[in-house]
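Residue numbers (my numbering): 61 to 375.
For every residue, glycine included, the Cβ atom is placed at its ideal position computed from N, Cα and C.
Fair warning: this is a prediction, and the values are worked out from it, not measured in the lab.
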Ligand code: NDP
């Protein structure tokens, strides 16, 4: 077929999971080719300081760290291509992937590491201060607000977990909940309700993130029942209203859970399709850390290597 190329090990996505899979796959001589996606480097390229990734004693910047990952993957022999996967066909082997709607690739093994995207409220001020007081990851950025007052929006398990995490570091945590109840599990709600420095503000929506042009200094909220507005004097604003896994292109081709995350066999990165593996946030809605993603990227490369070796033995 014209414009079709065959690749031994294809990696889709270029966050910590994709690059780590690439590093391991390249060292195992699987000749990996990576399709980066629209945001090379993934979610970490939108963060600033990263202090919790081992190996960087002084911390580093998210974009710089991903540049280091890229250089390491490339130095070891990964071919990195800018592109976006627009279709897949996993119905027969070799599996087919279409890139940028025009180019067809067939691959012996595929590692999906397309990540997840945080949901945002969609306020212009939220975008303006993103990385400068606004964050979608308390575990990543909470430390920078030690001893300060912060607010978090959301009422699911993530918001509840992040609010209690922030409460340990911060002076006060305002939790902005849009309804008069939580979505989070009873145990998590119990923990939030029993944390003295968390103040829950029900029936409220965020109107604006306020600041001096450089950093955040407040959040304007409104009670949905009374329309009464209030300004919370905070220096940090955390958004924890859920994530969307980047799996729309795989829908119907691979088993996903009810939220769209790729289902993997526990303890492995194997998906419902033989020869297709998944690593990182695309299959993990609980931990979502660069280091856990990198770890599962390593697992995916090792799983792919074993699969390819077994396939070679049979052939
Ligand atoms: P969820 O979808 O469960 O919750 C999202 C929350 O954000 C809801 O409370 C929702 O409100 C609120 N929300 C959504 N949009 C807005 C908005 N525009 N303004 C204000 N609030 C908004 O997402 P989570 O990330 O919390 O959890 C995802 C999945 O991961 C769940 O299945 C959860 O159980 C699981 N998880 C498990 C953990 C664990 O076991 N330790 C830890 C973290 C997550 P509303 O309720 O009104 O819809």
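Query, Result
"At a cut-off of 8 Å, would you count residue 280 as near ligand 1, judging by its Cβ distance to the nearest heavy atom?", "no"
"Expressed to the nearest angstrom, what Euclidean distance is found between the alpha-carbon atoms of residue 339 and residue 252?", "31 Å"
"DSSP state of residue 238, grouped into three classes?", "coil"
"Please check the pair residue 119 and residue 134, which I expect to be a contact at CB under 8 Å, by giving their CB distance rounded to whole angstroms.", "Not really, about 24 Å apart at Cβ, beyond 8 Å."
"May I ask you to report which of helix, strand or coil DSSP gives residue 125?", "helix"
"Report yes if the C-beta of residue 237 is less than 8 Å from at least one heavy atom of ligand 1; otherwise report no.", "yes"
"State the DSSP-derived secondary structure class of residue 246, mapped to helix, strand or coil.", "helix"
"Would you check if the distance between the CB atom of residue 299 and the CB atom of residue 196 is smaller than 9 Å?", "yes"
"Quick one: grab the DSSP three-state call for residue 271.", "strand"
"With C-beta atoms as the reference, is residue 138 less than 9 Å away from residue 155?", "no"
"Cβ of residue 265 within 8 Å of any heavy atom in ligand 1?", "yes"
"If you draw a straight line from the C-alpha of residue 73 to the C-alpha of residue 361, how long is it?", "14 Å"
"Count the CB pairs spanning the segment 257 to 266 and the segment 231 to 249 that are closer than 8 Å, and state whether there are at least three.", "yes"
"Suppose the cutoff is 7 Å on Cβ atoms and the five residues either side in sequence are ignored; what does the same chain contact list for residue 136 look like?", "83, 86, 87"
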